[in-house]
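Novice: Mind having a look at this structure? Questions to follow.
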Amino acid sequence: FALSMQAQGFNNITVLEKRSRERYFEDVGGGYELGPATGIIMDHLGVSEYFERTTQLPELAFYDLSGHRFRHVVMPQNVGLRTTRRSLLQKVLLNKLGEQNIQ
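Right, here's the structure in full:
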(Lines of atoms letter the chains of each structure in order from A; the text may use other names.)
(Lines give C-alpha, C1' and ligand atoms only; values in the text may rest on other atoms or scores of the structure.)
Protein backbone atom coordinates (compact mmCIF):
# COMPACT_ATOMS: atom_id res chain seq x y z
CA PHE A 1 0.00 0.00 0.00
CA ALA A 2 2.82 2.39 0.89
CA LEU A 3 4.51 1.88 -2.49
CA SER A 4 1.22 2.47 -4.29
CA MET A 5 0.71 5.73 -2.40
CA GLN A 6 4.28 6.75 -3.17
CA ALA A 7 3.66 6.06 -6.88
CA GLN A 8 0.61 8.37 -6.71
CA GLY A 9 2.82 11.25 -5.53
CA PHE A 10 2.45 11.01 -1.76
CA ASN A 11 5.93 11.73 -0.41
CA ASN A 12 5.48 11.77 3.35
CA ILE A 13 4.91 8.04 3.97
CA THR A 14 6.02 6.14 7.04
CA VAL A 15 5.77 2.37 7.51
CA LEU A 16 5.84 1.20 11.12
CA GLU A 17 7.62 -2.11 11.64
CA LYS A 18 7.67 -3.97 14.94
CA ARG A 19 10.88 -5.88 14.21
CA SER A 20 14.25 -4.20 14.66
CA ARG A 21 16.10 -3.04 11.54
CA GLU A 22 18.66 -5.81 12.04
CA ARG A 23 15.88 -8.40 11.76
CA TYR A 24 13.91 -6.98 8.80
CA PHE A 25 15.22 -9.48 6.30
CA GLU A 26 15.58 -12.60 8.41
CA ASP A 27 13.92 -15.62 6.90
CA VAL A 28 10.67 -15.50 8.85
CA GLY A 29 9.30 -18.63 7.30
CA GLY A 30 6.38 -18.92 5.03
CA GLY A 31 6.08 -18.12 1.42
CA TYR A 32 3.65 -16.72 -1.07
CA GLU A 33 2.05 -18.06 -4.18
CA LEU A 34 1.95 -15.27 -6.74
CA GLY A 35 -0.70 -15.34 -9.43
CA PRO A 36 -0.37 -13.86 -12.92
CA ALA A 37 -1.91 -10.51 -11.89
CA THR A 38 0.93 -10.06 -9.40
CA GLY A 39 3.29 -9.30 -12.29
CA ILE A 40 1.09 -6.39 -13.34
CA ILE A 41 1.00 -5.05 -9.77
CA MET A 42 4.77 -5.44 -9.37
CA ASP A 43 5.28 -3.53 -12.62
CA HIS A 44 3.01 -0.72 -11.38
CA LEU A 45 5.04 -0.54 -8.14
CA GLY A 46 8.33 -0.45 -10.03
CA VAL A 47 9.63 -3.84 -8.88
CA SER A 48 8.81 -6.01 -11.90
CA GLU A 49 12.42 -7.24 -12.09
CA TYR A 50 11.81 -9.04 -8.80
CA PHE A 51 8.77 -10.87 -10.18
CA GLU A 52 10.89 -12.17 -13.05
CA ARG A 53 13.31 -13.72 -10.52
CA THR A 54 10.64 -15.65 -8.60
CA THR A 55 10.26 -19.39 -9.03
CA GLN A 56 7.76 -20.60 -11.57
CA LEU A 57 5.68 -23.58 -10.42
CA PRO A 58 6.02 -26.41 -12.95
CA GLU A 59 3.56 -28.72 -11.16
CA LEU A 60 1.29 -29.11 -8.15
CA ALA A 61 0.64 -32.17 -6.02
CA PHE A 62 -2.23 -32.60 -3.56
CA TYR A 63 -2.04 -34.96 -0.60
CA ASP A 64 -4.60 -36.19 1.92
CA LEU A 65 -4.00 -36.27 5.69
CA SER A 66 -2.40 -39.72 5.51
CA GLY A 67 0.20 -38.49 3.01
CA HIS A 68 -1.35 -40.19 -0.01
CA ARG A 69 -1.11 -38.13 -3.18
CA PHE A 70 -4.56 -37.93 -4.73
CA ARG A 71 -3.95 -35.43 -7.52
CA HIS A 72 -1.02 -34.28 -9.61
CA VAL A 73 -1.24 -31.36 -12.03
CA VAL A 74 1.42 -30.31 -14.54
CA MET A 75 1.12 -26.57 -15.01
CA PRO A 76 1.01 -25.08 -18.52
CA GLN A 77 4.16 -23.11 -19.34
CA ASN A 78 2.31 -19.80 -19.68
CA VAL A 79 0.11 -19.95 -16.57
CA GLY A 80 2.29 -17.46 -14.67
CA LEU A 81 1.96 -19.07 -11.24
CA ARG A 82 5.06 -18.34 -9.14
CA THR A 83 6.30 -18.70 -5.57
CA THR A 84 8.63 -16.67 -3.38
CA ARG A 85 9.85 -16.51 0.20
CA ARG A 86 8.20 -13.88 2.34
CA SER A 87 11.53 -12.43 3.49
CA LEU A 88 12.71 -11.85 -0.10
CA LEU A 89 9.50 -10.12 -1.10
CA GLN A 90 9.63 -7.95 2.03
CA LYS A 91 13.24 -6.98 1.27
CA VAL A 92 12.41 -5.86 -2.28
CA LEU A 93 9.37 -3.83 -1.18
CA LEU A 94 11.12 -2.15 1.76
CA ASN A 95 14.20 -1.32 -0.35
CA LYS A 96 11.97 0.27 -2.98
CA LEU A 97 10.13 2.30 -0.35
CA GLY A 98 13.39 3.63 1.08
CA GLU A 99 15.01 3.09 4.47
CA GLN A 100 14.15 6.63 5.56
CA ASN A 101 10.42 5.79 5.38
CA ILE A 102 10.57 2.85 7.79
CA GLN A 103 10.39 3.14 11.56
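Residue numbers for the sequence shown follow UniProt numbering, beginning at 1 and rising by one.
Backbone N, C-alpha and C define an ideal beta-carbon position, used for all residues, glycine too.
Note that the structure is a prediction, hence the values are computed from the model and not measured.
1) Where does the unbroken beta strand (DSSP E) through Phe62 begin, and where does it stop?
2) Taking Val15 and Leu97 to be in contact with their CB atoms under 8 angstroms, please state how far apart those CB atoms are, rounded to whole angstroms.
3) With distances taken Cα to Cα, identify the nearest neighbour of Leu3 among His44, Phe51, Gly29, Gly39.
4) Check whether the stretch 73–84 touches the stretch 17–27, counting contact only when three or more Cβ pairs, one atom from each stretch, lie closer than 8 angstroms.
5) What ranges does the alpha helix (DSSP H) occupy inside the stretch 33–97, keeping only unbroken runs of at least 4 residues that lie completely in it?
6) Considering only the beta carbon of each residue, do Glu59 and Met75 sit closer than 8 angstroms?
Specialist: Let's see:
1) Stepping through the sequence shown from its first residue, residue 62 is reached at position 62. Start and end: 59–63.
2) Numbered from 1 along the sequence shown, position 15 holds the residue referred to as residue 15. Numbered from 1 along the sequence shown, position 97 holds the residue referred to as residue 97. Yes, Val15 and Leu97 are in contact; Cβ-Cβ is about 6 angstroms, under 8 angstroms.
3) Locating residue 3 in the sequence shown gives position 3, where the first residue counts as 1. Taking Leu3 as reference, the option from His44, Phe51, Gly29, Gly39 with the minimal CA-CA separation is His44.
4) In short, these stretches do not touch, since the Cβ pair count stays below three.
5) 36–45, 48–53, 86–97
6) Indexing the sequence shown from 1 puts residue 59 at position 59. Indexing the sequence shown from 1 puts residue 75 at position 75. Cβ atoms of Glu59 and Met75: closer than 8 angstroms.
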